[in-house]
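> Got a structure for you, written out below as structure tokens; questions coming shortly.
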Ligand SMILES: C[S@@+](CC[C@H](N)C(=O)[O-])C[C@H]1O[C@@H](n2cnc3c(N)ncnc32)[C@H](O)[C@@H]1O
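In our numbering, the protein residues as written are 23 to 216.
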């Protein structure tokens with residue numbers, strides 16, 4: 023779903039970029055993220071700062087997608103050298119089966135009503151042994167941000183337990199999981215066809 027105006031503004035802020043650069047990317051690297059010579063898909067790329075960070079790691083290819091045309095317009099303006107598309111993550115049909123080495127998500131599934139469908143699609147497009155790196159906030163933190171900052175998250179049944187069950191059912195085996203104060207971070211690997 024589209025972001026509310028307050029969350030949209032917050033996602034463009036300097037604190038968001040600092041967090042993504044110095045904390046989240048470092049954590050993912052620590053958990054095994056290595057995209058050198060890999061085909062990378064970023065889900066919910068926002069205005070493209072993740073693309074900037076990931077492309078510093080020398081991937082073979084990178085595509086960022088986001089459901090908000092406003093985000094994609096900003097991303098294309100800021101980083102014309104990278105590839106971005108306006109697309110709903112529930113439908114990745116433009117990508118072939120087993121075509122991506124790495125899929126990465128910085129805090130997006132909790133915005134998607136059909137988050138299970140998005141995971142189904144990610145499992146489909148990942149190559150065997152491909153990796154999904156994802157981070158999501160806890161329900162209690164989502165409620166906190168909605169109460170204080172009026173971010174207005176969608177009312178979904180997203181939760182870590184349900185997500186872990188669904189990942190496993192699609193052949194995405196959790197390799198590591200890291201709790202941090204605002205985000206829980208996962209590395210899952212595709213161990214079989216889905
Ligand atoms: C919390 S923001 C995170 C943006 C960026 N990843 C970051 O870390 O700054 C969530 C992003 O997910 C996008 N989004 C929400 N629903 C989506 C969907 N169904 N498919 C693709 N992107 C979606 C939103 O437009 C938004 O840019």
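The beta-carbon is built from N, C-alpha and C at its ideal position, and this holds for glycine as well. No experiment lies behind these values; they were computed from the predicted model shown.
Are there any heavy atoms of ligand 1 lying less than 7 Å away from the beta-carbon of residue 112, as far as the coordinates show?
Yes, the Cβ of residue 112 comes within 7 Å of a heavy atom of ligand 1.
> Answer yes or no: the CB of residue 209 versus the heavy atoms of ligand 1, is any distance below 7 Å?
No, ligand 1 has no heavy atom inside 7 Å of this Cβ.
> Whether or not the stretch 99-107 and the stretch 129-145 are in contact is what I'm after, with contact meaning three or more pairs of Cβ atoms, one per stretch, closer than 8 Å; do they touch?
Too few Cβ pairs lie closer than 8 Å, so no.
> Could you spell out the range, first to last residue, of the beta strand (DSSP E) harbouring residue 207?
Taken as a continuous stretch (DSSP letters only), the beta strand (DSSP E) holding residue 207 covers 205-212.
> In terms of alpha-carbon separation, which member of 189, 155 and 165 lies closest to residue 178?
Cα-wise, what sits closest to residue 178 is 165.
> Just checking: is the beta-carbon of residue 93 within a distance shorter than 8 Å of some beta-carbon in chain D?
The question asks about chain D, but that chain is absent: this structure has only one protein chain.
> Just list the alpha helix (DSSP H) runs in the stretch 77-136, keeping only unbroken ones of 4 residues or longer that don't cross its boundaries, in chain order.
Segments of the alpha helix (DSSP H) lying fully in the stretch 77-136: 91-100.
> Which same chain residues, not among the five before or five after residue 121, have their C-beta less than 6 Å away from its C-beta?
The residues are 147.
> Suppose contacts are defined by Cβ-Cβ distances below 8 Å. Is residue 134 in contact with residue 112 by that definition?
Result yes, Cβ atoms of residue 134 and residue 112 sit closer than 8 Å.
> Ignore the nearest five residues each way along the sequence and tell me which others in residue 86's own chain have a CB closer than 6 Å to its CB.
Taken in chain order, the residues that qualify are 64, 67, 73 and 106.
> Spatial neighbours of residue 77 within its chain, please: C-beta separation below 7 Å, excluding the five flanking residues on both sides.
Correct list, in chain order: 84 and 104.
> At a cut-off of 7 Å, is residue 133 close to ligand 1 when judged by its beta-carbon and the heavy atoms of the ligand?
Yes, ligand 1 has a heavy atom inside 7 Å of this Cβ.
> For residue 200, which of helix, strand or coil comes out of DSSP?
Correct three-state label for residue 200: strand.
> Can residue 162 and residue 124 be called in contact, C-beta distance under 8 Å?
In this structure, residue 124 does not lie closer than 8 Å to residue 162 by Cβ.
> Are the Cβ atoms of residue 128 and residue 46 separated by less than 8 Å?
Closer than 8 Å, so yes.
> Relative to ligand 1, is the shortest distance from any of its heavy atoms to the C-beta of residue 100 smaller than 7 Å?
The answer is no for residue 100.
> Anyone know if the C-beta pair for residue 23 and residue 69 falls short of 8 Å?
Not closer than 8 Å, so no.
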